[in-house]
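The block underneath contains the structure these notes are about, expressed in structure tokens.
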Amino acid sequence: MKTAVFSAEPLHYKPAGEMKAFPLEKLDSEPLESYGAVLLIGTTKLEEETVLSHENVTRLWNYVESGGKLYAEAVSAFDFPTSRLFGWKLDFPKTRRTLEKLRLTEPRNGLPAGSLLEWEGSMAAGFPIYTESWLEFGPCL
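Residues 167 to 307, numbered by my numbering, are exactly what the sequence shown covers, in order.
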């Protein structure tokens with residue numbers, strides 16, 4: 167599948183296969199219809215936000231409505247058009263978690279309760295889910 171990756175920060179890998187990488191500014195001009203999927207990667211810096219223009223949200227909305235696949239990470243959705251595009255609205259800002267880690271709340275698949283899940287990076291962004299919880303944040307000493 168031909169895929170376009172638009173990133174607010176330089177990518178540290180070479181795109182493989184039919185993947186093409188662009189700086190986020192190119193989202194204004196690149197013809198999205200020629201791609202089966204579009205990935206948007208915002209900034210990982212806590213003091214900055216990646217905000218999409220109304221024109222870009224409209225272009226992306228039309229792209230998705232016509233059958234394109236869209237994935238976004240670390241893109242602000244505090245305004246109505248962007249939150250409508252992604253189908254969710256963040257209700258809290260990005261935060262840096264240094265003393266808390268994601269831990270399993272109950273034993274799962276051979277892992278004991280309290281097992282840590284660790285990823286690269288210090289940012290943990292997400293949204294509230296009102297369903298059965300498998301993970302919780304808690305102190306790790």
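Using N, Cα and C, we set each Cβ at its ideal position, and we do this for glycine too.
**Request:** Starting from the Cα of Met308, find the closest Cα among Glu199, Asn222, Phe244 and Gly280 and give me that residue.
**Result:** Here the chain covers residues 167 to 307 and nothing more, so residue 308 does not appear.
**Asked** If you drop the 5 nearest sequence neighbours on each side, which residues of the same chain put their C-beta closer than 8 Å to that of Val230?
**Response** Leu236 and Leu251
**Request:** Taking only the alpha-carbon atoms, compute the straight-line gap between Leu211 and Gly233 and give it to the nearest angstrom.
**Result:** In the sequence as displayed, the identity of residue 211 is Lys instead of Leu. Each residue's alpha carbon lies about 32 Å from the other.
**Asked** Considering only residues of the stretch 183 to 257, which uninterrupted beta strand (DSSP E) runs meet the minimum length of 3 residues and lie entirely inside it, listed in chain order?
**Response** Counting only unbroken stretches of 3 or more residues, the beta strand (DSSP E) elements lying wholly within the stretch 183 to 257 are 185 to 189, 203 to 207 and 235 to 239, in sequence order.
**Prompt:** If you compare alpha carbons, which of Glu196, Tyr179, Glu239 and Val223 is closest to Leu206?
**Reply:** Glu239
**Prompt:** Taking the C-alpha atoms as reference points, what is the distance between Gly276 and Thr169?
**Reply:** When rounded, the distance between both Cα atoms is 37 Å.
**Met367 versus Gly208 - alpha carbon distance** = For residue 367 there is no data in the structure shown, the boundaries of the chain being 167 and 307.
**Message:** Quick check: Asp194 and Asn222, are their CB atoms within less than 9 Å of each other?
**Reply:** When the beta-carbon positions are compared, Asp194 and Asn222 come within less than 9 Å of each other.
**Prompt:** What did DSSP end up calling Ala279 once you bin it into helix, strand or coil?
**Reply:** Correct three-state label for Ala279: coil.
**Item:** Burial state of Gly183 (16 or more Cβ within 10 Å)
**Value:** exposed
**Message:** Just verifying my parser: in three-state terms, what is the DSSP assignment at Thr271?
**Reply:** Thr271: coil per DSSP, three-state reduction.
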